[in-house]
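Take a look at the structure set out below.
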Amino acid sequence: METAENIIEFRHITKRFPGIIACNDISLNIRKGEIHALLGENGAGKSTLMSVLFGMYTPEEGSIAIRGKEVKITNPRVATELGIGMVHQHFKLVQNYSVLQNIVLGSETLKGPFLDMDSCRKKVVELSQKYGLAVDPDALIENITVGQQQRCEILKMLYRDAEILIFDEPTAVLTPQEIDELMEIMKGLAKEGHTILFISHKLEEIKRVSDRVTVLRRGKLIETLNAAETTTTQMGELMVGREVSFHVDKKPAEPKEEVLKVEHLTMINDETKKKVVNDVSFSVRKGEILAIAGIDGNGQSELIYGLTGIMPINEGKIMINGEDYTKKSIRERNLVMSHIPEDRHKYGLILDYPLSYNLALKNYFKPEFVSKTGFLNFHKFDTYADELIDRFDIRSGQGRITMARSMSGGNQQKAIVAREIDQNADVLVAVQPTRGLDVGAIEFIHKQLVEQRDKGKAVLLMSFELDEVMDVADRVIVMFEGEIMGNLDPKKVSVEEMGLYMAGVKREEKNA
Amino acid sequence: MTVKAKRRFDITRHTSLLSSLIAVVGGLIIAFIVLMLTNPSKGLSAFTTLITGGFQLGGLKNLGTLFYFATPILCTGVAMCVAFQAGIFNIGGPGQYSVGALAAILTSLYFSKDLPSPLTWIVPLIVATLAGAVWAFIPGVLKAYFNVNVVIGTIMFNYIEMYYMMHWINDYCYDAMKGQTRAIPAQCKLPQAFMPAITANKTADIGIIIAILVAICAWVLLEKTKLGYELKACGKNAEASRYAGIKSKRNIMISILLSGALCGLGGGLTHLSASGTYITMKEQLAAEGFNGIAVCCLANNSPLGAILGALFLAFLTVGGNYMQIFGFQREIVSVITSVIIYFAAFSLFLKQMLEKMLIKQTTEINKVTGEELK
Amino acid sequence: MEMIYFIARYFMYFFIPLLVVSISGMFSERSGVIHMGLDSVMVWSCMWGVLCLQWLDGVVAGQLRLLIALLFAGVMGVLLTLLLAVAAINLNADQTIVGMALNTFAPAFCIFFARVLQNGSEHLSIRNDFLIERIPVLADIPVLGPMFFTRTYITNFIGIAIFIISAIVLNKTRFGLRMCACGENPQAAESLGVNVQKYRYAALIIAGFIGGMGGLMYILPVATHYSQTVGGYGYLAMSVLIFGQWRSIPLLGAAAFFAFCKTIANAYSGIPLLANLGLPAAFYKSLPFIVTLIALAITSKHDHAPKASGQPYDKSMR
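Protein chains in written order, with my numbering: chain A, 1 to 512; chain B, 1001 to 1374; chain C, 2001 to 2318.
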């Protein structure tokens, strides 16, 4: 029937991982020249399906046909030969290589036994001009912005003459303006005859850019729709499987006295000598959620690390409840400031400790948990863990003795949130608290944050997700290149305006 | 639910043990092959001697010899466990061990021989322990405060020890006639107590008992105390430990000092032994230090397991010595040791593979009964 | 002046093997595998090289005997390094522990083997007739001639050649570009169709070959017999690698620096100024190790190691 124009056919693809079925009997046809969106929550199987197409995984069952011909895509090289390219969610770039080196890696041109970088450069420059992908080919990846890195990734595909382009969550790291540019680039590519597969969980974007959209849920294909004929509400319901409101219910904030006050904080990177955090001042009051917004890599993470004592600060002052905490140890800070860290595997959990040990990570030294002679009170460990598990509904295979490593991401995050909230500290710092979680868990965590606020805690939320910032926060500061660009009220500022602050185009003068 | 959970927990425990066993068997197979290749006619009998520890040949007397060989490597093995669990790869065992040995010898020669009775040997032991810690101190500081790779740091200190050892022996306790350190006074040797009686070996002493007690203490420390919780946390995830307010530099220092102290104690126990042990004038790193790594690998980093590991390796050492009757070199034991360490390096992989096999079996059973694993 | 020439020649004896072995380590680590077993590769290959020299004695004459032995040592180095390769690449092993296993294995096996071979004695003697008194023409260059082209070994020039070739391979060829990508970000390399395992194997084979030759290069000028040790040279080479920040040119400087310390350590008794200081021999002997630690303490604050080195690369992980 439509086989002629179907450039890709997924036929009954099933891919299992230990414990889960990531893709369950998925059949799907992609037409040549369309922008086809894959919509689903985290863990719905969309990335897995694309990884199968790109040869990163081999499916247990099913087959794939490209241009009507059945193919076995055993590794990315085969995919590349078939004209398939992929921009991964976490960019696959070698940090200390130049843009050009990253682009040619794997498909080098040679002159005799040596690399012929000049002819490669010519082709790259041509491509970047043709598609409006401005990037300096000789810049090192570690020195360019995330947006430029993404362009490098797109150039990588085009350099290999890819016809089928896969974008895995490409907008997560961009400002609203950069997202607009990307949409234009994608439309331009489609016009040139490329087929685009676009993974996202953001309904607005899908509606804006794609021709058709396929909804996945828990590894199963739910439905394929024409984007023009559907609404975001309908897509949202299909994605989650129930009626959802993506809006966070909360009363207006009733901020009281200042709890956390940061004055002229400056942090300098040891190696590059750059000021990653530059003269930042702000304060958080009891009963409000202050969000730090901005594109990844503009000093927000460093600011949090400086605040919580994980990284040293060079200048400035940190006051909590009127007391100077600038020089205090991490342990002392932990007593008044709990911290849901950005990277739950690196900082949040000791993966090879059981859940009960992890839940006690910030308490184990307190008198209830350890005797005066230094012996641990395991009974207390157990009862405390059971209480938190019960209260926050943390699910795991074997309860408190489960190794943190074997828990699901959502429950790992719940464990961290439970531990940090139960510290009952005056300040709660939450960094990217919902990253990689499904809608249910996101709702749960947002509710917890608002609840803490209403209990009179000062909540500092750092997030790269603009939607989250706009929904949850009472006040937003935007960071760009280590500086605060504006101190805004999310109810009074539009997403587009926020984007201008995030891109460093706009700046509130009174803050200077 | 709970029943199922318990069963799975047991499987992982068995796989740990199983991977240690695989390492041992692997080591023995390699040894067998090497022996057969070098002398096919006597290979088999030599191998039998090796794995039976020569008990038929030497009789019960060997139990004392076994304990004598097990004592130092138990100490260094526990030392490695303490360091590894805290994420510190202390390869400085040979240096710390030898410095402890020399400290014990010097203390007994120059100081403690005139002290009241039990102090004559207790004081040198304490000094040996401290000396081991001292030798670990600088690599520890370099690691904690200067980020110097701890393997390199401790190795360098092994070599520094190796060269200085000769200098020190020569200046302070050289017996030129025999080309080794001077004999320590009899009253400074470890007490023998009931040991000769139960091992049928006249020179057996209480060294092994001290070493086992130390291993048990180390286990309690790691598993039951706040310090152990912190040390292991640092070993498993240094970043998260810092985040939790644990002082990582302090922990690096504690673990490496403890580890060095245990190695030093091992050196002390060996060189105060009733049978009499000497340091010879040779530019050589003490094998006891490296064998601790094998003990620790066999024991899966558990000080209690180290007791078994040390006894096993000592058993092989005794066997290896008897094997010389057949004209084979006892270095074959070190070859086995290295194979055991080699296997231990991917024991995690072995464990996962075993688990996968076991889980596959259970899922297949489940499939038959119609309940699929979600 | 004669003194300076003497020191320069002595310096080369230490410099070349250190350089060569640290290049071996560089291949391994730039591809993403930590090579703690450099010392074992030296000890092991050195024995096979020496044995090969013995076998060929009287069969082949002159420098050819050395060249064949070098090749043989290289091949044996590859064999031992393959043990690391299998464990690190296929079995996700802890690479540091594998290295230590090899370091335990090599000396033990070599003692065992040598004793079996010679019925008891572990020392293997080396008949060294490879010293080149002077190279025609080049030896007549003032200053440089007596320093580098008289009383020299062919291994010195092979070592320099290895350095130049390795620098070109790493920086100018497709192989180098891909191999180093495997050490920095194997996921990225894999996504571009680079077979990470294959490149790591290739890197380790090269590392084994170079390291194996380095073992024989070490012993030739400095010893008359082989006794299952290379004086901790493998560990020094690892320090050179860290000190040289895993890059070719800095590596050259680092190797020169350590070789200089080693030269002082071994030749101090021939240098009146140092011999008269009255410091114990132990001090000079341990000098290279002490200096290493100081150098590392100064330079280790920032880690320039290849980002993926030491981490098992698991395809199924994203």
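The C-beta atom is built at its ideal place from N, Cα and C for all residues, glycine as well.
Note to self: I want to know whether the segment 457-464 of chain A touches the segment 420-429 of chain A - three or more CB-CB distances under 8 Å.
What the structure shows: yes
Note to self: Counting only beta-carbon separations shorter than 8 Å, does C/Glu2133 have a partner in chain A?
What the structure shows: Locating residue 2133 of chain C in the third sequence gives position 133, counting from the first residue. Not closer than 8 Å to any Cβ of chain A, the Cβ of C/Glu2133 fails to qualify, so no.
Check: Is the Cβ-Cβ distance between B/Thr1277 and B/Leu1313 less than 8 Å?
Finding: For the purposes of this step, residue 1277 of chain B is identified with residue 277 of the second sequence, where counting begins at 1. For the purposes of this step, residue 1313 of chain B is identified with residue 313 of the second sequence, where counting begins at 1. Cβ atoms of B/Thr1277 and B/Leu1313: not closer than 8 Å.
Next item on the list: Might you give, ordered along the chain, the residues of its own chain that have their beta carbon closer than 7 Å to the beta carbon of B/Leu1350, omitting 5 neighbours on each side?
Entry: If you number the second sequence from 1, residue 1350 of chain B lands on position 350. Taken in chain order, the residues that qualify are Ser1019, Ile1022.
Notebook entry, point to check: Does DSSP classify A/Gly409 as helix, strand or coil?
Noted result: Here residue 409 of chain A is taken as the residue at index 409 of the first sequence, counted from 1. Here A/Gly409 sits in helix by DSSP.
Checklist line | Cutoff 8 Å; reference A/Glu60; Cβ partners in own chain excluding five residues on either side | finding: Position 60 of the first sequence holds residue 60 of chain A. Cβ neighbours of A/Glu60 beyond the five flanking positions: Thr14, Lys15, Arg16.
Notebook entry, point to check: How would you label B/Asp1205, buried or exposed, when you count the other beta carbons within 10 angstroms and need 16 or more for buried?
Noted result: Here residue 1205 of chain B refers to the residue found at position 205 of the second sequence. Note on B/Asp1205: 16 or more other CB atoms within 10 angstroms of its CB, so buried under the neighbour-count rule.
Notebook entry, point to check: Among residues of its own chain, excluding the 5 on either side of A/Leu375, which ones have a beta-carbon nearer than 7 Å to its beta-carbon?
Noted result: Residue 375 of chain A sits at position 375 when you count from the first residue of the first sequence. Contrary to the premise, residue 375 of chain A reads as Phe rather than Leu in this sequence. Closer than 7 Å at the Cβ level, and outside the excluded window around A/Phe375, lies no residue.
Margin query: Just to confirm, is the Cβ distance from B/Ile1155 to B/Ile1091 under 8 Å?
Written below: Taking the second sequence and counting its residues from 1, the one referred to as residue 1155 of chain B is at position 155. Taking the second sequence and counting its residues from 1, the one referred to as residue 1091 of chain B is at position 91. In contact: B/Ile1155 and B/Ile1091 (Cβ atoms closer than 8 Å).
Next item on the list: Please confirm if the segment 21-41 of chain A is in contact with the segment 217-224 of chain A, defined as three or more CB-CB distances below 8 Å between the two stretches.
Entry: yes
Check: Along chain C, which residues have their Cβ under 8 Å away from the Cβ of A/Gly106?
Finding: Mapped onto the first sequence, residue 106 of chain A falls at position 106. At a beta-carbon threshold of 8 Å, the residues of chain C lying near A/Gly106 are Arg2178, Ala2189, Leu2192, Gly2193, Val2194, ordered along the chain.
Item checked: Proximal residues of chain B, C-beta to C-beta of A/Ser329 below 9 Å -> On the first sequence, residue 329 of chain A is found 329 positions in, with the first residue counted as 1. Simply Gly1245, Lys1247.
Next item on the list: Give the interface partners of A/Asp390 over in chain B, defined as CB-CB distance under 8 Å, in chain order.
Entry: Along the first sequence, one-based indexing puts residue 390 of chain A at 390. Those within 8 Å of A/Asp390 in chain B number zero; the least Cβ separation is about 16 Å.
Margin query: Buried or exposed for B/Gln1324, going by 16 or more other Cβ atoms inside 10 Å?
Written below: Position 324 of the second sequence, counted from the start, is the residue given in the question as residue 1324 of chain B. The residue in question, B/Gln1324, is exposed, as its Cβ has fewer than 16 Cβ neighbours within 10 Å.
Note to self: For chain C, check one thing: does any of its Cβ atoms lie closer than 8 Å to the Cβ of A/Gln149?
What the structure shows: Counted from its first residue, the first sequence places residue 149 of chain A at position 149. Not an interface residue.
Notebook entry, point to check: Is A/Gln89 helix, strand or coil by DSSP?
Noted result: Looking up residue 89 of chain A in the first sequence gives position 89. Reduced to three states, the DSSP call for A/Gln89 is coil.
Margin query: Taking its Cβ as the centre, do 16 or more other Cβ atoms sit within 10 Å of C/Leu2084, making it buried, or is it exposed?
Written below: Numbered from its first residue, the third sequence carries residue 2084 of chain C at position 84. By the neighbour-count rule (16 or more Cβ atoms within 10 Å), C/Leu2084 is buried.
Note to self: Could you tell me the alpha carbon to alpha carbon distance between B/Gly1370 and A/Ile21, rounded to whole angstroms?
What the structure shows: By 1-based counting over the second sequence, the position of residue 1370 of chain B is 370. By 1-based counting over the first sequence, the position of residue 21 of chain A is 21. Here the model assigns B/Gly1370 a pLDDT of 40, short of 50, so the residue's position is not dependable, and the following value carries that caveat. When only Cα atoms are considered, B/Gly1370 and A/Ile21 end up about 17 Å apart.
Next item on the list: With 7 Å as the limit, tell me which residues of the segment 456-470 of chain A have their beta carbon closer than that to any beta carbon of chain B; keep them in chain order.
Entry: Of all residues in the segment 456-470 of chain A, none has a Cβ within less than 7 Å of some Cβ in chain B.
Note to self: Cβ closer than 7 Å: which chain C residues qualify as neighbours of A/Val94?
What the structure shows: Sequence index remark: in the first sequence, residue 94 of chain A carries index 94 (1-based). Those within 7 Å of A/Val94 in chain C are Ala2181, Glu2184, Asn2185, Ala2188.
Checklist line | Inter-residue spacing [alpha-carbon to alpha-carbon] between A/Leu115 and C/Leu2170 | finding: Here residue 115 of chain A corresponds to residue number 115 of the first sequence, with the count starting at 1. Here residue 2170 of chain C corresponds to residue number 170 of the third sequence, with the count starting at 1. Rounded to whole angstroms, A/Leu115 to C/Leu2170 spans 11 Å at the Cα level.
Item checked: Nearest-angstrom Cα separation, counted from A/Arg419 out to A/Lys366 -> One-based indexing of the first sequence puts residue 366 of chain A at position 366. One-based indexing of the first sequence puts residue 419 of chain A at position 419. Those two C-alpha atoms are separated by around 14 Å.
Next item on the list: Express the C-alpha separation of A/Arg333 and C/Phe2109 in angstroms, rounding to a whole number.
Entry: Against the third sequence, residue 2109 of chain C aligns to sequence position 109. Against the first sequence, residue 333 of chain A aligns to sequence position 333. Cα-Cα distance, rounded: 55 Å.
Next item on the list: Closer than 8 Å, Cβ to Cβ, to anything on chain A: give me those residues from the segment 1096-1119 of chain B, in chain order.
Entry: none
Check: DSSP on A/Val276, reduced to helix/strand/coil?
Finding: Mapped onto the first sequence, residue 276 of chain A falls at position 276. Three-state DSSP puts A/Val276 in a strand.
Checklist line | C-beta neighbour in chain B for A/Asp438, strict 8 Å | finding: Numbered from its first residue, the first sequence carries residue 438 of chain A at position 438. So, not an interface residue.
Next item on the list: Please confirm if C/Met2036 has its CB atom under 8 Å from at least one CB of chain B.
Entry: As a first step, residue 2036 of chain C must be located in the third sequence, where it is residue number 36. Interface residue, yes.
Next item on the list: Could you check which residue in A/Val370, A/Met407, A/Leu359 has the C-alpha nearest to that of A/Arg391?
Entry: By one-based count along the first sequence, residue 391 of chain A stands at place 391. Of A/Val370, A/Met407, A/Leu359, the residue nearest in Cα terms is A/Leu359.
Check: Can the beta-carbon of A/Val472 be found less than 8 Å from the beta-carbon of A/Ala293?
Finding: Counted from its first residue, the first sequence places residue 472 of chain A at position 472. Counted from its first residue, the first sequence places residue 293 of chain A at position 293. For A/Val472 and A/Ala293, no; Cβs fall outside 8 Å.
Margin query: Could you tell me which whole alpha helix (DSSP H) segments of length 4 or greater appear in the segment 2155-2197 of chain C?
Written below: Fully enclosed alpha helix (DSSP H) runs of 4 or longer: 2174-2184, 2186-2191.
Notebook entry, point to check: Which one of A/Val277, A/Gly410, A/Thr74, A/Asp343 has the shortest CA to CA distance from A/Ser312?
Noted result: To locate residue 312 of chain A, count along the first sequence from 1; it is residue 312. The sequence shown places Pro at residue 312 of chain A, rather than the Ser named in the question. Among A/Val277, A/Gly410, A/Thr74, A/Asp343, the Cα nearest to that of A/Pro312 belongs to A/Val277.
Notebook entry, point to check: Should C/Ile2004 go down as buried or exposed, given a rule of 16 or more other Cβ atoms within 10 Å for buried?
Noted result: For the purposes of this step, residue 2004 of chain C is taken as the residue at position 4 of the third sequence. That one is exposed.
Note to self: What I want to know is whether the C-beta of B/Thr1049 ends up closer than 7 Å to one or more non-hydrogen atoms of the ligand SAM.
What the structure shows: By its list of ligands, the structure shown contains no ligand whatsoever, and the ligand SAM lies outside what it can speak to.
Check: Do we get a CB-CB distance below 8 Å when we pair C/Lys2172 with the residues of chain A?
Finding: Here residue 2172 of chain C is taken as the residue at index 172 of the third sequence, counted from 1. Look at C/Lys2172: its C-beta is under 8 Å from a C-beta on chain A.
Note to self: Taking beta-carbon pairs under 7 Å, can you tell me which members of the segment 2275-2302 of chain C lie near chain A?
What the structure shows: So the list reads His2302, given in the order they occur along the chain.
Notebook entry, point to check: Per DSSP, A/Met267 forms a beta bridge with which residues?
Noted result: If you number the first sequence from 1, residue 267 of chain A lands on position 267. Per DSSP, A/Val277.
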